[in-house]
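S.K.: Handing you a structure now.
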Ligand code: FCB
């Protein structure tokens, strides 16, 4: 099975997870800096203060990407680095940093794929209500416009938001992510204001850059199986589909607030914060719909007296699934990754095919896929990560199959280039195809990096890695 010559093989990171330099170059704190300073929120008390120090070491990382022969690097901009007050006066030093990064990537033949928001809201904006208020959506659009003006000549794909599901439900309902709030109403307000932010920003980008430059929105679409084919279990799975997926897909792709969502959440809100004309503003179909995919869930309807569950995302004990107390998440079945997530590559194929049938002609990219495993450095100084190689092989096969079935998938971004700060898990979970030694910040490409480079070169899943995986 071969990938087309123009299929993009890339890799991804996010500012707070890799940059470090938290108080350098005029950057102000984001909600993640605050979250990391709140006792008990992050495993081991880890912070992104230094992270992978990409802010200083990006030339080395660029060389690694280039050496692997990858065509694109998806990274995110730290909003508070370029706009320390969230809005208003830009910070030239912050802008210069990203200009230099983009310019050097382009020179090396690597496409910059820029995410404007990968969860690190400037703390000053959270202090004014964060995503629960509509002003934040307008501030985001201004920030997007500024970036389009400053970097428009260098960026190949503009992504507005990364996984607004996490920003809203994990940030404001379960509190496992920043800003760590546990208010169901706030989470639904955040859902709407994030959709609005996407719409306003996409419009600003298109006004500034014209229609030639693709705008992307990245969603973590949830694949949820009902445990049985009973009507109750099917309804439970549909509920998760509505709260997890339709909440974002319908406003952005169709300009509609899901009536099922309104019905499910009616005890929390009447959605009165959705103002007239808002859905039209949200309705900015992205040129590329980014799909982040890692695993699936199985659910059933909760029986009388049975405890409700959080769906694997609620370390705080509060579920992110607003208004879904009657849904029970089953423990995932092995083999699991180090995150405790199941592996179901074929669900990625089905998801991509399903989305393209629903939105015919829609270009898709897998903007994140990958796995954490507890890999170690071997006595030969190398990192042999056969589990990750197998995971990648299976999921890339699923992508190739989806393409064969007609899905217009044009790229795949491996999460992640580097081991990095994995949010509430701190540095414990290693997703990188390149190992980072957090004492020395030394980078060591793992076997999976070599495998992926081999695939990017040959584009052929049938022959990739044969030379060395067997003998490794
Ligand atoms: C996704 C995030 C990314 C990373 C992976 C493992 O939800 O977008 O930053 O943490 O999960």
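Residue numbers (my numbering): 894 to 1365.
Virtual Cβ for every residue (Gly too), placed ideally from N, Cα, C.
#1: Relative to the C-alpha of residue 1296, which residue among 1266, 1272, 1239 is closest?
#2: In whole angstroms, give me the CA-to-CA distance for residue 954 and residue 1106.
#3: Are the CB atoms of residue 1045 and residue 963 within a distance shorter than 8 Å?
#4: Could you name the residues of the same chain whose beta carbon sits closer than 6 Å to that of residue 1221, not counting the 5 residues immediately before and after it, in chain order?
#5: Taking residue 1111 as the reference, give the member of 988, 1131, 1088, 1317 with the closest Cα.
#6: Is residue 968 near the ligand FCB, going by C-beta to nearest heavy atom under 7 Å?
#7: When burial is assigned at 16 or more other CB atoms within 10 Å of the CB, is residue 1350 buried or exposed?
#8: Could you please give the first and the last residue of the uninterrupted beta strand (DSSP E) stretch that includes residue 1181?
#9: Could you spell out the range, first to last residue, of the beta strand (DSSP E) harbouring residue 1119?
#10: By how many angstroms is the C-alpha of residue 1277 removed from the C-alpha of residue 1271?
#11: Enumerate in chain order the residues of its own chain whose CB-to-CB distance from residue 1364 is below 6 Å, with the five nearest sequence positions on each side excluded.
#12: Are the CB atoms of residue 1244 and residue 1114 within a distance shorter than 8 Å?
#13: Mark residue 1000 as exposed unless 16 or more other C-beta atoms lie within 10 angstroms of its C-beta, in which case mark it buried.
#14: According to the Cβ coordinates, are residue 1255 and residue 1301 closer than 8 Å?
#15: Any idea what DSSP makes of residue 1055, helix, strand or coil?
#16: Specify whether the stretch 994 to 1014 and the stretch 965 to 973 touch according to this definition: at least 3 beta carbon pairs, one from each stretch, less than 8 Å apart.
#17: Compute the minimum distance between the beta carbon of residue 910 and the heavy atoms of the ligand FCB, and state whether it is under 7 Å.
#18: Are residue 1161 and residue 1078 touching if we call contact CB-CB under 8 Å?
#19: Taking only heavy atoms of the ligand FCB into account, decide whether any of them is closer than 7 Å to the Cβ of residue 907.
#20: Between the stretch 1313 to 1329 and the stretch 899 to 916, can you find at least three pairs of beta-carbon atoms closer than 8 Å?
#21: Just to confirm, is the Cβ distance from residue 1292 to residue 1241 under 8 Å?
#22: Kindly identify the DSSP beta-bridge partner or partners of residue 882.
#23: With DSSP collapsed to three states, give me the class of residue 1194.
#24: Is it true that the CB of residue 1118 sits closer than 8 Å to the CB of residue 1027?
#25: Are there any heavy atoms of the ligand FCB lying less than 7 Å away from the beta-carbon of residue 1115, as far as the coordinates show?
#26: Which residue marks the beginning of the alpha helix (DSSP H) containing residue 1098, and which one marks its end?
#27: Near residue 1082, which residues of its chain fall below 6 Å by C-beta distance, leaving aside the five closest residues on each side in sequence?
#28: Does any heavy atom of the ligand FCB sit closer than 7 Å to the C-beta of residue 1056?
#29: Under 7 Å Cβ to Cβ from residue 1173, same chain only, skipping five residues before and after it: list those, please.
#30: With distances taken Cα to Cα, identify the nearest neighbour of residue 1279 among 1344, 1251, 1258.
#31: Return the CA-CA distance between residue 1020 and residue 1163, expressed in angstroms with no decimal places.
#32: For the ligand FCB, any of its heavy atoms closer than 7 Å to the Cβ of residue 915?
M.R.: The structure says:
#1: Translated into the one-based positions of the chain shown, residue 1296 becomes position 403. Residue 1239 holds the alpha-carbon nearest to the alpha-carbon of residue 1296 among 1266, 1272, 1239.
#2: Taking the first residue of the chain shown as position 1, residue 954 is located at position 61. Taking the first residue of the chain shown as position 1, residue 1106 is located at position 213. Rounded to the nearest angstrom, the two C-alpha atoms are 25 Å apart.
#3: One-based indexing of the chain shown puts residue 963 at position 70. One-based indexing of the chain shown puts residue 1045 at position 152. Contact flag unset, no.
#4: Taking the chain shown and counting its residues from 1, the one referred to as residue 1221 is at position 328. Same-chain partners within the cutoff: 1193, 1195, 1202.
#5: Along the chain shown, read from residue 1 onward, the residue named residue 1111 stands at position 218. If we check each option's Cα against that of residue 1111, 1088 comes out closest.
#6: Along the chain shown, read from residue 1 onward, the residue named residue 968 stands at position 75. Checking every heavy atom of the ligand FCB against the Cβ of residue 968, none is found closer than 7 Å.
#7: By 1-based counting over the chain shown, the position of residue 1350 is 457. When all chains shown are included, residue 1350 counts as exposed.
#8: For the purposes of this step, residue 1181 is identified with residue 288 of the chain shown, where counting begins at 1. 1181 to 1185 is the span of the beta strand (DSSP E), which, as asked, contains residue 1181.
#9: Your numbering for residue 1119 matches position 226 in the chain shown. Residue 1119 -> beta strand (DSSP E) spans 1117 to 1119.
#10: Translated into positions along the chain shown, residue 1271 becomes position 378. Translated into positions along the chain shown, residue 1277 becomes position 384. Their Cα atoms are separated by approximately 7 Å.
#11: In the chain shown, the residue the question calls residue 1364 occupies position 471. For residue 1364, the predicted model reports a pLDDT of 41, less than 50, meaning its position is unreliable and no value from the coordinates is stated.
#12: Looking up residue 1114 in the chain shown gives position 221. Looking up residue 1244 in the chain shown gives position 351. Yes, Cβ-Cβ distance for residue 1114 and residue 1244 is below 8 Å.
#13: As a working note, residue 1000 is residue 107 in the chain shown. Its Cβ having fewer than 16 others within 10 Å, residue 1000 is exposed.
#14: Stepping through the chain shown from its first residue, residue 1255 is reached at position 362. Stepping through the chain shown from its first residue, residue 1301 is reached at position 408. The criterion of a C-beta distance shorter than 8 Å is satisfied by residue 1255 and residue 1301.
#15: Numbered from 1 along the chain shown, position 162 holds the residue referred to as residue 1055. Residue 1055: strand per DSSP, three-state reduction.
#16: yes
#17: As a working mapping, residue 910 is identified with position 17 in the chain shown. Indeed, a heavy atom of the ligand FCB lies less than 7 Å from the Cβ.
#18: Indexing the chain shown from 1 puts residue 1161 at position 268. Indexing the chain shown from 1 puts residue 1078 at position 185. The beta carbons of residue 1161 and residue 1078 sit closer together than 8 Å.
#19: Residue mapping note: residue 907 aligns to position 14 of the chain shown, counting from 1. Under cutoff, so the answer is yes.
#20: Contact between the stretch 899 to 916 and the stretch 1313 to 1329 is present: three or more C-beta pairs spanning the two stretches fall below 8 Å.
#21: Looking up residue 1292 in the chain shown gives position 399. Looking up residue 1241 in the chain shown gives position 348. Their beta carbons are under 8 Å apart, which means residue 1292 touches residue 1241 by this criterion.
#22: Outside the shown range of the chain, which is 894 to 1365, sits residue 882, and nothing can be said about it.
#23: Taking the chain shown and counting its residues from 1, one reaches residue 1194 at position 301. In this structure, residue 1194 counts as strand in the three-state DSSP scheme.
#24: Walking along the chain shown from the start, residue 1027 turns up at place 134. Walking along the chain shown from the start, residue 1118 turns up at place 225. Taking 8 Å as the Cβ cut-off, residue 1027 and residue 1118 do not qualify as a contacting pair.
#25: Translated into the one-based positions of the chain shown, residue 1115 becomes position 222. Because no heavy atom of the ligand FCB lies under 7 Å away, the Cβ of residue 1115 does not count as near it: no.
#26: Indexing the chain shown from 1 puts residue 1098 at position 205. 1077 to 1102 is the extent of the alpha helix (DSSP H) around residue 1098.
#27: For the purposes of this step, residue 1082 is taken as the residue at position 189 of the chain shown. Excluding sequence neighbours, residue 1082 sits near 1025, 1166.
#28: As a working note, residue 1056 is residue 163 in the chain shown. Yes; taking the cut-off as 7 Å, the Cβ of residue 1056 has a heavy atom of the ligand FCB nearer than that.
#29: Along the chain shown, one-based indexing puts residue 1173 at 280. Around residue 1173: 1148.
#30: Translated into positions along the chain shown, residue 1279 becomes position 386. Nearest of 1344, 1251, 1258 to residue 1279, Cα basis: 1344.
#31: Here residue 1020 refers to the residue found at position 127 when the chain shown is read from its first residue. Here residue 1163 refers to the residue found at position 270 when the chain shown is read from its first residue. Rounded to the nearest angstrom, the two C-alpha atoms are 25 Å apart.
#32: Counting from 1 along the chain shown, the entry for residue 915 is found at position 22. No - the ligand FCB has no heavy atom lying nearer than 7 Å to the Cβ of residue 915.
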